[in-house]
Amino acid sequence: DDGEGIAETQLEILQQLPDYTSIKLFVSSEDRQSYLQKTLPPGLYDRITFVKVPKGHRFSPWAQDYSEGDNSVQILPLTYLGGGSRRNPGKPENDLVYQYEGEGLEVRRVPVEFAGGNVYVTRNKAGRKILLVGGDSYLATERSYTKLGETITEERYREVMRTTFNVDEVEIIATRDAANKIQPQSRSIFHIDQMMIPLDDGVVAIPDVEVTPPTLTKEEVVEQENEEYTRLAAKYGLSKKKGTWIDTSSLSPEEKKRFREDQRKVRERHQDFRREIRFYEDSVEVKRQIDHHRSNLEQRGFDVVPLKSDSQSVGRFQAYTNGIVYKDRNTGQRTVIMPIFPNKQGEYTLEGINLENKEAYERAGYKVKTVRDKAFKQSGNIHCLTILAQAPKTCPECNLRVG
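726 is the number of the first residue of the sequence shown in the working numbering; add one for each residue after it.
Right, here's the structure in full:
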């Protein structure tokens, strides 16, 4: 657990996994293990191998590093890119990953940057193995090399990634400027698992973003806010000073209490308007980038399963592609563990966009299991919290690491 909502989401993921899944769970203390023993059903708890995090190691629930998928190899990038901030190549802070070696995994360090959620290994319809990697991972590599006084070309980056992941091709998922230089990913899709998910050979699910214009423009928000603060001041017999500042020194303690409550309502209402504008601006750029990537993958011969997204989903980091895909070992049923998100009342229901995306996966032939995702409050979802350690397509063992 590392932030609001993450522990609850992790527990829901564990309970949705098939009963043959072997689970390795990283914990930072004996207290966390004792808590889980009391919380989880016995059958589930018994399938967990607990891995203790050594004292002094940086620990994050975000499973940002990456397993090859078809064997027990953990690929360790140059530095740790997760947890909300970049790490200096002189202090990578990712040595914790070497704990995997005690669990029977090989840890393979490579001299480039990438984050787990920004990398997918898939195949096209011809069966060629393709690595999809977000453009920010190459840009991060450039920055790290610059700090070390070195340079790396895009061609060299592709070659390292192709060899490391044993693929036929490397596709950098990025928009480019007029000079063909890779441009940064939008802050709302800083990993590609927030905008796409490979489902099968030559099949990928990508959302169609419905952009909703804001109720008010920035100028209208400022104008309305000033008017409301002027009326608020007049209500208490005061004068509004510069901006939104109102001198309340003449009010009694009881009047000040009522004033602060009225002031809070005005402030929160206009914060909502500003958030709506920010979500709109973000979603316009996200839609532009996603539409580009969809067209590019279609030209590469991929079929696209259309999902739904909107300005609110984009702004709140609520990605229906950020799930777990596997084929059930016992039944052969293709399955998606899909996050669902709360409505305006904070309720998790299979209605609206939650239901639309569940049905979209079902039309594509997938059984859907849902997880009430609260990790979005920390800008991530369920794929960000897990590492599938073997065979993402057929999942014969479904070994899973959860941070």
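For glycine and all other residues, C-beta sits at the position ideal for the given N, C-alpha and C.
| Query | Result |
| --- | --- |
| Element boundaries [alpha helix (DSSP H), containing proline 767] | 767-770 |
| Under the three-state DSSP convention, the category glutamine 981 falls into | Residue 981 is actually lysine in this sequence, not glutamine. Helix, per DSSP. |
| Proline 932 vs threonine 1046 beta-carbon contact at 8 Å | yes |
| DSSP three-state assignment for glutamate 1081, whether helix, strand or coil | helix |
| Integer-rounded CB distance, given that valine 1096 should sit under 8 Å from isoleucine 1107 | 5 Å |
| Straight-line Cα distance separating lysine 906 from lysine 711 | A query on residue 711 cannot be resolved here, the shown segment of the chain reaching from 726 to 1128 and no further. |
| Residues bridged to alanine 930 [DSSP beta-bridge criterion] | Ile922 and Val1030 |
| Reduced DSSP secondary structure (H/G/I, E/B, other) of glutamate 935 | strand |
| Glutamate 896, buried or exposed, once every other Cβ within 10 Å from all chains shown has been counted against 16 | buried |
| Of the listed residues Glu1023, Ala903 and Gln1014, nearest to serine 911 (C-alpha basis) | Gln1014 |
| Beta carbon of valine 892 nearer than 8 Å to that of lysine 854 | yes |
| Cα-Cα separation, glutamate 1084 to valine 1093 | 9 Å |
| Rounded distance between the beta-carbons of valine 1029 and glutamate 1023, thought under 8 Å | 6 Å |
| Option in Asp1098, Asn1055, Pro767 and Ile917 with minimal Cα separation from leucine 1075 | Asp1098 |
| Rounded separation between leucine 1032 and glutamine 740 - CA only | 25 Å |
| Buried versus exposed, by CB contacts within 10 Å (16 or more), glutamate 880 | exposed |
| Where leucine 1080 falls, given that 16 or more other Cβ within 10 Å makes a residue buried | exposed |
| Separation of proline 938 from arginine 1003, as counted between CA atoms | 10 Å |
| Nearest-angstrom beta carbon gap, threonine 973 and lysine 981 [assumed within contact, 8 Å] | 6 Å |
| Assigned exposure category for glycine 794 - 16 Cβ within 10 Å defines buried | At glycine 794 the pLDDT is 48, less than 50, meaning the model places this residue with poor confidence and gives no usable figure here. |
| With 16 other Cβ atoms within 10 Å as the buried cut-off, status of proline 766 | exposed |
| Threonine 734 beta carbon less than 8 Å from that of leucine 1110 | yes |
| Whole-angstrom distance between isoleucine 1062 and arginine 1054, CA atom to CA atom | 15 Å |
| Same chain only: Cβ atoms within 8 Å of valine 929, ignoring 5 sequence neighbours per side | Thr847, Met921, Ile922, Pro923, Leu1022, Phe1027, Asp1028, Val1029 and Val1030 |
| Pick from Glu884, Glu867 and Phe998 that is closest to threonine 876, judged by C-alpha positions | Glu867 |
| Helix, strand or coil at threonine 1119 according to DSSP, with G and I counted as helix | Unreliable placement is indicated for threonine 1119, whose pLDDT of 31 sits below 50; the coordinate value is still reported in the next sentence. Note: threonine 1119 maps to coil in three-state DSSP. |
| Where isoleucine 897 falls: helix, strand or coil (DSSP) | strand |
| Those runs of the beta strand (DSSP E) which lie wholly inside the region 1006-1069 and span at least 3 residues | 1028-1035, 1049-1052 and 1059-1065 |
| Length of the line joining the Cα atoms of threonine 900 and tyrosine 863 | 13 Å |
| N- and C-terminal bounds of the beta strand (DSSP E) containing tyrosine 845 | 844-848 |
| Whole-angstrom distance between tyrosine 1086 and phenylalanine 1042, CA atom to CA atom | 20 Å |
| Where valine 892 sits in the DSSP three-state scheme | coil |
| Option in Lys1102, Ala958 and Ile738 with minimal Cα separation from phenylalanine 984 | Ala958 |
| Terminal residues of the beta strand (DSSP E) in which glutamate 831 lies | 831-834 |
| Contacts around valine 1009, its chain only, beta-carbon distance under 7 Å, and the 5 residues preceding and following it disregarded | Val936 |
| C-beta contact flag for glycine 730 and glutamine 1103 at 8 Å | yes |
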